[in-house]
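K.L.:
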Amino acid sequence: MPKYYEEKEPDNRPCAGIREDFRECLLRHDCVVKEGKLPSECLKEGHCKALQTSFFECKRSMLDNRSRFRGRKGY
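Residue numbers (the working numbering): 6 to 80.
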């Protein structure tokens, strides 16, 4: 599901794949495009909830000491 673009330079930050998909989901959603709302307003309405949860879990796993051995969650 992650979208990797060849013309873009690779992002080496943690959770970069989920971050990019979450950003694209919000910016391309009808709530932002057609209604002209801010992405933060669309998040409050519950759009892109699955990607938001996955991004939160990935960021939270960076703080978990067990993830040093098991690896980060996400893709």
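Built from N, CA and C at the ideal position, the CB exists for glycine as well.
Just so we're clear, the structure is a prediction, and the values are computed from it rather than from any experiment.
Taking all protein chains shown into account, do 16 or more other C-beta atoms lie within 10 angstroms of the C-beta of Ser-45, making it buried, or fewer, making it exposed?
P.N.:
To locate residue 45, count along the sequence shown from 1; it is residue 40. With fewer than 16 Cβ atoms within 10 Å of its Cβ, Ser-45 is classed as exposed.
K.L.:
Which residues bound the alpha helix (DSSP H) around Glu-25?
P.N.:
Taking the sequence shown and counting its residues from 1, the one referred to as residue 25 is at position 20. Where Glu-25 is concerned, the enclosing alpha helix (DSSP H) stretches over 21-33.
K.L.:
CA-CA distance, Val-38 and Leu-32?
P.N.:
As a position in the sequence shown, residue 38 is number 33, starting the count at 1. As a position in the sequence shown, residue 32 is number 27, starting the count at 1. Each residue's alpha carbon lies about 7 Å from the other.
K.L.:
What does the alpha-carbon distance come out to for the pair Met-6 and Cys-63?
P.N.:
Position 1 of the sequence shown, counting from 1, holds the residue named residue 6. Position 58 of the sequence shown, counting from 1, holds the residue named residue 63. Because the pLDDT at Met-6 is just 47, under 50, the model does not fix this residue reliably, and the value given afterwards should be weighed accordingly. Met-6 and Cys-63: Cα-Cα distance of roughly 15 Å.
K.L.:
Put Arg-65 into one of helix, strand or coil per three-state DSSP.
P.N.:
For the purposes of this step, residue 65 is taken as the residue at position 60 of the sequence shown. Residue state, collapsed to three classes: helix.
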